[in-house]
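There are 2 protein chains.
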Amino acid sequence: MKEYTKKDFPVSDIRRFLEPGPIVLISSTWKGKANIMTLGWHTVMEFSPSLVGCVIANGNFSFEIIRKSRECVINVPSVELVDEVVGIGNCSGDAVDKFDRFHLTPVQGTEVSAPLIRECFVNLECRIADGRLINAYNFFIFEVLKAHVATALNKIQTLHYRGKGIFITSGELVNKRHKFTKWKDSPNF
Amino acid sequence: MKEYTKKDFPVSDIRRFLEPGPIVLISSTWKGKANIMTLGWHTVMEFSPSLVGCVIANGNFSFEIIRKSRECVINVPSVELVDEVVGIGNCSGDAVDKFDRFHLTPVQGTEVSAPLIRECFVNLECRIADGRLINAYNFFIFEVLKAHVATALNKIQTLHYRGKGIFITSGELVNKRHKFTKWKDSPNF
């Protein structure tokens with residue numbers, strides 16, 4: 000499987016990888032047991048502190064792991080991992096060691112106990128920043144503490160999920176930089 | 000500009016259009032003044048009720064309009080509207096009538112006062128369902144009350160924003176339906 004050389008990346012700039020809306024893999028650990036889940040419901044919320052909101056349905060084995068440990072890693076897979084993404088989303092960590100079954104490599108991070116997934120080109124070490132909407136909406140607001148990103152990003156395509164087993168891959172770039180009359184690098188936008 | 004024939008679409012299924020992460024146009028109105036903004040920070044939050052979370056920075060002219068009216072329409076543009084998307088994101092409704100300047104057509108909805116944008120292939124009529132994170136994070140949780148979707152969806156490409164003036168267009172479909180061992184049409188997934 001593909002491996003990447005990675006370097007630290009500014010956490011305030013990670014919107015570059017999440018705002019386009021890729022499916023992500025969330026890794027977590029609690030009391031010696033690591034797990035991975037597939038997740039499509041996330042949004043960037045702030046540049047600095049670097050905040051990301053994620054809906055983690057409470058039926059998932061990862062839900063309690065993340066709520067108790069208050070940590071996770073958000074990993075962005077490329078299209079080559081589509082079968083792992085589907086497989087991980089279709090079994091439960093209750094019964095399966097997903098790192099083992101899907102031949103993925105856990106890598107120790109520096110800020111959290113949750114393992115990074117080596118085979119993903121972006122790894123974001125996260126801690127819960129605000130849990131007040133967990134009970135009402137399963138909505139976790141994470142702060143990204145550290146970002147590890149592949150040094151060679153050219154030609155990496157991401158997967159975007161639309162439900163019912165159908166993914167859309169990322170396509171061509173359109174550069175409209177010259178049309179930005181005033182530089183507003185904000186969500187809006 | 001392109002126009003679409005649209006029909007009602009089940010609000011519980013609108014993840015199909017938002018989960019892949021497209022840039023959207025938010026239209027709103029208050030006291031006779033309509034506005035449009037460009038937005039990339041959104042996530043689906045629930046199927047039923049159909050909930051969508053959006054970060055609307057409080058510096059935007061639309062922020063107060065939406066907070067006061069408690070309504071908006073989320074419109075999904077195709078790639079053909081890229082210059083409108085950029086232009087709308089680079090001027091303020093304080094000074095500009097954006098429907099007029101960008102030659103977009105406001106259409107009256109049935110559930111909210113905010114106008115739909117005719118030239119977008121998806122229009123979601125929304126009302127604020129939970130505003131408790133507006134002050135802390137500019138985070139609005141909307142309920143989608145009614146969805147209008149183009150009848151011909153083939154070959155429509157969406158725009159996905161990664162910051163600094165660069166968009167990614169949506170690419171090829173990958174159908175992995177046969178690999179879904181148990182049908183979990185959930186966010187996770």
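Protein sequence lines, in the order shown, are assigned to chains A and Z.
With numbering that gives the first Met the number 0, the residue at position 50 of the first sequence is 49, and numbering never jumps.
With numbering that gives the first Met the number 0, the residue at position 53 of the second sequence is 52, and numbering never jumps.
Glycine included, C-beta positions come from ideal geometry on N, C-alpha and C.
Let's test the definition: count the other Cβ atoms within 10 Å of the Cβ of residue i and tell me whether it reaches 16, buried, or not, exposed.
i                : result
Met36 (chain Z)  : buried
Asn59 (chain Z)  : buried
Thr157 (chain Z) : buried
Lys5 (chain Z)   : buried
Pro196 (chain A) : Outside the modelled stretch of chain A, which goes from 0 to 188, sits residue 196 (chain A), for which no answer is possible.
His102 (chain A) : exposed
Thr109 (chain Z) : exposed
Leu132 (chain Z) : buried
Glu63 (chain Z)  : exposed
Gly159 (chain Z) : The residue you asked about is not Gly; residue 159 (chain Z) is His in the sequence shown. Flag for His159 (chain Z) reads buried.
Arg176 (chain Z) : exposed
Pro19 (chain Z)  : buried
Gly86 (chain Z)  : buried
Ala149 (chain Z) : buried
Pro114 (chain A) : buried
Ala151 (chain A) : exposed
Glu83 (chain A)  : buried
Glu118 (chain Z) : buried
Pro9 (chain Z)   : exposed
Asn137 (chain Z) : buried
Thr42 (chain A)  : buried
Gly162 (chain Z) : buried
Gly39 (chain A)  : buried
Asn57 (chain Z)  : exposed
Asn74 (chain Z)  : buried
Gly88 (chain Z)  : buried
Ala33 (chain A)  : buried
Ala146 (chain A) : buried
Gly31 (chain A)  : exposed
Terminal residues of the continuous alpha helix (DSSP H) containing residue i?
i                : result
Tyr3 (chain Z)   : Tyr3 (chain Z) -> no alpha helix (DSSP H), and no H or E assigned at all.
Ala94 (chain A)  : That residue, Ala94 (chain A), is in no alpha helix (DSSP H); it is neither H nor E in DSSP.
Arg14 (chain A)  : 14 to 17
Ala135 (chain A) : 133 to 136
Along the beta strand (DSSP E) that carries residue i, what are the first and last residues, could you check?
i                : result
Ser112 (chain A) : Here Ser112 (chain A) belongs to no beta strand (DSSP E), and DSSP marks it neither H nor E.
Asn174 (chain A) : 165 to 174
Ile127 (chain Z) : 121 to 129
Leu103 (chain A) : Here Leu103 (chain A) belongs to no beta strand (DSSP E), and DSSP marks it neither H nor E.
Leu158 (chain A) : 158 to 160
Inset, instruction - Could I get the ranges of all uninterrupted beta strand (DSSP E) runs contained in the segment 59 to 88 of chain A, with 3 residues as the minimum, in chain order? - result: 70 to 75
Inset, instruction - Output the residue ranges of the beta strand (DSSP E) runs that lie fully inside the segment 21 to 54 of chain A and measure 3 residues or longer, sorted by chain position. - result: 23 to 29, 32 to 38, 41 to 45, 50 to 54
Inset, instruction - For the segment 146 to 169 of chain A, enumerate the residues whose C-beta is nearer than 9 Å to any C-beta of chain Z, in chain order. - result: Gln156, Thr157, Leu158, His159, Tyr160, Arg161, Gly162, Lys163, Gly164, Ile165, Phe166, Ile167, Thr168, Ser169
Legend entry - Inter-stretch contact at 8 Å, needing at least 3 Cβ pairs: the segment 44 to 57 of chain Z / the segment 24 to 35 of chain A: no
Inset, instruction - Anything in the segment 78 to 103 of chain A with a Cβ closer than 9 Å to a Cβ of chain Z? List those residues in chain order, please. - result: Val78, Val81, Asp82, Val84, Val85, Gly86, Gly88, Asn89, Cys90
Legend entry - Interface residues of the segment 118 to 143 of chain A facing chain Z [CB-CB below 9 Å]: Asp129, Arg131, Leu132, Ala135, Tyr136, Asn137, Phe138, Ile140
Legend entry - Residues within the segment 29 to 48 of chain Z neighbouring chain A, beta-carbon criterion of under 9 Å: Met36, Thr37, Leu38, Gly39, Trp40, His41, Thr42, Val43, Met44, Glu45
Inset, instruction - Report yes or no: do three or more beta-carbon pairs, one from the segment 69 to 77 of chain Z and one from the segment 118 to 131 of chain Z, lie closer than 8 Å? - result: yes
Legend entry - Residues of the segment 57 to 78 of chain Z whose Cβ lies closer than 7 Å to any Cβ of chain A, in chain order: Asn59
Legend entry - Touch test, the segment 156 to 175 of chain A against the segment 159 to 173 of chain Z, Cβ-Cβ under 8 Å, three pairs minimum: yes
Inset, instruction - Residues of the segment 15 to 28 of chain Z with a CB closer than 8 Å to any CB of chain A: list them in chain order, please. - result: Arg15, Phe16, Glu18, Pro19, Gly20, Pro21, Ile22
Legend entry - Segment contact, 8 Å Cβ cut-off, at least three pairs: the segment 86 to 96 of chain A with the segment 140 to 158 of chain A: no
Legend entry - Near-chain A residues of the segment 0 to 16 of chain Z - C-beta to any C-beta below 7 Å: Arg14, Arg15
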